[in-house]
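The opening position of the sequence shown corresponds to residue 10 in the numbering used here, with each subsequent residue numbered one higher. We treat Cβ as the ideally placed atom computed from N, Cα and C, and that holds for glycine. Being a predicted model, the structure only gives us computed values, none of them experimental. Below is one structure, written out as structure tokens; the observations come after it.
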Amino acid sequence: MKIAIGCDHGGYLLKQDILIWMEEHDIDVEDVGCFSTESVDYPIYGEKVARLVASGACEKGIVICTTGIGISIAANKVKGIRCAHCTDSLSAEMTRRHNDANVLALGAGITGPNLAKRIVEVFLNTEFEGGRHARRVGQLDSIQP
10 MKIAIGCDHG GYLLKQDILI WMEEHDIDVE DVGCFSTESV DYPIYGEKVA RLVASGACEK
70 GIVICTTGIG ISIAANKVKG IRCAHCTDSL SAEMTRRHND ANVLALGAGI TGPNLAKRIV
130 EVFLNTEFEG GRHARRVGQL DSIQP
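Next up, the structure:
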């Protein structure tokens, strides 16, 4: 499994914690930036991650900004992306089970590193249930901008 990850300056430090955790768990990662706490624009990195996931180059993605909101909006602009902003592990589990979310958004100013790593673990390891949920995901994917 290859995971795309990206952040703005507000998410940089949390991204570094998550990258260490991913390395410890032998998870293949494509880090699209940013690479410091110097101010950058979150839409750039939300789109980069989303395009890698939408193209199939990466199976899932993780995007991080200060709240997780702006970067999730950016990721969701890309066709085929179902980005869910999660602040707890139950939300991460259910968005995978029922929504087949393929990008996780985190807010570094909202969620601390230990909880964030648990959310990532649950998100990456929870399977989509399919069944009646597949019909609903299909309906989501058919909504045109």
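C-alpha gap between residue i and residue j, whole angstroms
i	j	result
H18	T46	4 Å
G79	A59	13 Å
S98	T120	11 Å
H94	E136	18 Å
Y54	G42	7 Å
H107	C92	13 Å
G139	Y21	34 Å
K24	C67	17 Å
S48	I73	14 Å
Residues of its chain near residue i, where Cβ-Cβ distance is below 6 Å and the 5 sequence neighbours each way are ignored
i	result
D40	I14
N134	none
D26	P122
D50	none
D109	F137, V146
Own chain partners of residue i with C-beta closer than 8 Å, once the 5 adjacent residues on each side are dropped
i	result
E56	A83, A84, K86, V87
R105	V131, F132, T135, E136, F137
DSSP three-state assignment for residue i, whether helix, strand or coil
i	result
E152	According to the sequence as given, residue 152 is Ile; it is not Glu. Coil at I152, not helix or strand.
D26	helix
H107	helix
K69	strand
V87	coil
G116	strand
Cβ shell of residue i (< 7 Å), same chain only, five flanking positions each side left out
i	result
T76	G116, G118, I119
I90	A59, V62, A63, A84, N111, V112
Supposed close pair residue i, residue j - CB separation, criterion 8 Å
i	j	result
V38	G70	No, V38 and G70 are not in contact; Cβ-Cβ is about 10 Å, not under 8 Å.
I36	M10	7 Å
(request) For the segment 13–64, list the beta strand (DSSP E) runs that are entirely contained and at least 3 residues long, ordered along the chain. (result) Listed in chain order, they are 37–40.
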